[in-house]
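Encoded as structure tokens, the structure appears first; notes follow it.
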Amino acid sequence: MTATAALERALSAIDDVEGDVRAWVHVDRDAAASAARAVDASDDALALRGLVLGVKDVFDTADLPTEYGSPIYAGHRPRADAAAVAMLRAAGAVCLGKTVTAEFALFHPGPTHNPRRLTHTPGGSSSGSAAAVAAGMADVALGTQTAGSVIRPASFCGVWGFKPTYGRVSIAGLKLVSPRLDTVGWFARSVDVIDAVRVALTGDAPFPSDARPRIGVVRTGRWDAADEDCRQVIEDAASRARAAGATVLDLTLAPPLEALIDDQRIVQAYEGARSLTYERTWRAGDLSDELRELLEWSAAIPTTEYERVLNAAAGAAVLV
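If you're matching positions, the sequence shown starts at 3 in the numbering used here and goes up one per residue.
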């Protein structure tokens, strides 16, 4: 399929369902059409030739507004693309627009509905990206994850989501909340596209098509807090994976690793309050009540507590 045809298909889906799903904050049809024509005219070997791309609105884009899900940055226009966006464009992806994010990828979800069932949440904070892919409005969409912001909306919207190892993909040009945790991820409707994007963003080799998956099922101390239906879905998925030939391992977290679940929240909160110092100090009135209260609490976390958590994480790393 040509890039132009792929774009026309995505735009048709937008015309059909975007009024209900509301996955996008900005779509530039003309710029995307121009980019698609350039891709179709190129003789270069483009690994992502013609894939229609949505970009979570916490990534800088030079030719599209970048507002981070906040009125503070209404109309903001960066001078350059984020590294991940630039690499995907260079590989032949056609950027169609920016997708809805929760406010600074933290709180106050946007207006997006789950395309599988409009009365349900799409999950966050990468809500628009997951919904756009699920509804056929994009072939691939960038998201971010600090805690669960890729895997959660991927699960809720029924698409593939990939959160690579921290540090494997550049975060340059990303509105950071927690520099130690923020990770670039992405969504697609097929594993092949997920892996093609991984190769484009990391330079790593493709995964062998005949590789036998190894899947770990981790039942943390919070396992019983999940609804029975949720637990059963995971058990069923593990059974199906085994039946399909995957190696499925039952894993238990050692106590130091279990403690990191709570420690992660300290790192995210401490760094978030400092990353958003300008916004919480001079533009607090433009923040949602939920985020303002969170940042006030986060700013009061002692540095000694933050350092304790980092030391605990370093000690636990030897157990992995």
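By construction, the Cβ of each residue, glycine as well, lies at the ideal position given by its N, Cα and C atoms.
message: Taking its Cβ as the centre, do 16 or more other Cβ atoms sit within 10 Å of Asp83, making it buried, or is it exposed?
response: Under this definition Asp83 is a buried residue.
- prompt: Grouping DSSP H, G and I as helix and E and B as strand, with all else coil, what is Phe164?
  reply: strand
query: Taking contact to mean at least 3 C-beta pairs separated by less than 8 Å, is the stretch 211–222 in contact with the stretch 170–189?
result: Contact fails: fewer than three Cβ-Cβ distances are below 8 Å.
query: Between which two residues does the beta strand (DSSP E) harbouring Ala190 extend?
result: Counting along the chain, the beta strand (DSSP E) containing Ala190 begins and ends at 185–190.
query: Got a sec, what are the start and stop residues for the beta strand (DSSP E) Asp252 sits in?
result: Unbroken beta strand (DSSP E) run through Asp252: 249–253.
message: Beta-carbon within less than 7 Å of Pro80's beta-carbon, same chain only, minus the 5 sequence neighbours each way: which residues are those?
response: Excluding sequence positions up to five before and after Pro80, its CB lies within less than 7 Å of the CB of Asp62, Thr63, Ala64, Thr68, all in the same chain and listed in chain order.
- prompt: How would you write the range of the alpha helix (DSSP H) that Gly150 sits in, first residue to last?
  reply: Neither: Gly150 is in no alpha helix (DSSP H) and is coded neither H nor E.
query: Excluding the five sequence neighbours on either side, which residues of its own chain have a C-beta within less than 8 Å of the C-beta of Ala47, listed in chain order?
result: none
message: Short of 7 Å in beta carbon distance, which residues of its chain neighbour Ser128, apart from the five on each side in sequence? Order them along the chain.
response: So the qualifying residues of the chain are Lys58, Thr103, Gly145, Thr146, Ser151, Val152, Pro155.
- prompt: Mapping DSSP to helix, strand and coil, what is Glu105?
  reply: strand
- prompt: Across which residues does DSSP place Leu176 in a beta bridge pair?
  reply: Phe61
message: Once DSSP output is grouped into helix, strand and coil, what is the label at Arg216?
response: DSSP places Arg216 in strand when its eight states are reduced to three.
query: Leaving out the 5 sequence neighbours to the left and right, which residues in its chain are closer than 7 Å to Ser300 when beta-carbon positions are compared?
result: Ala271, Tyr272, Gly274, Ala275
field: Per-residue DSSP class, three states only, for Ala143
entry: Ala143 falls in the strand class under three-state DSSP.
- request: Locate the alpha helix (DSSP H) running through Trp225, then write down its first and last residues.
  value: Looking at the DSSP string, Trp225 is not in any alpha helix (DSSP H), and its letter there is neither H nor E.
- request: Could you tell me whether the stretch 155–166 touches the stretch 185–202, using the rule of 3 or more Cβ pairs below 8 Å?
  value: Touching, yes.
field: Where the alpha helix (DSSP H) through Val193 begins and ends
entry: 193–204
- prompt: If you draw a straight line from the alpha carbon of Lys177 to that of Ala246, how long is it in whole angstroms?
  reply: 40 Å
- prompt: Less than 8 Å separating the beta-carbons of Glu281 and Ile74?
  reply: yes
- prompt: Which word fits Thr148, buried or exposed, when buried means at least 16 other C-beta atoms lie within 10 angstroms of its C-beta?
  reply: buried
- prompt: If we count Cβ pairs, one from each stretch, closer than 8 Å, do we get three or more for the stretch 84–93 versus the stretch 128–138?
  reply: By the criterion of at least three beta-carbon pairs nearer than 8 Å, the stretch 84–93 is not in contact with the stretch 128–138.
message: If you measure between the beta carbons of Ala338 and Thr123, is that distance less than 8 Å?
response: Past the boundaries of the shown model lies residue 338; the chain is included only from 3 to 322, so the question cannot be answered.
task: Let me know if Thr114 comes out buried or exposed under the rule of 16 or more other beta-carbons within 10 Å of its beta-carbon.
output: buried
query: In chain order, what residues of the same chain have a beta carbon less than 7 Å from the beta carbon of Ala76, not counting five sequence neighbours either side?
result: Glu69
message: In the DSSP assignment, the alpha helix (DSSP H) including Val19 goes from what residue to what residue?
response: 5–23
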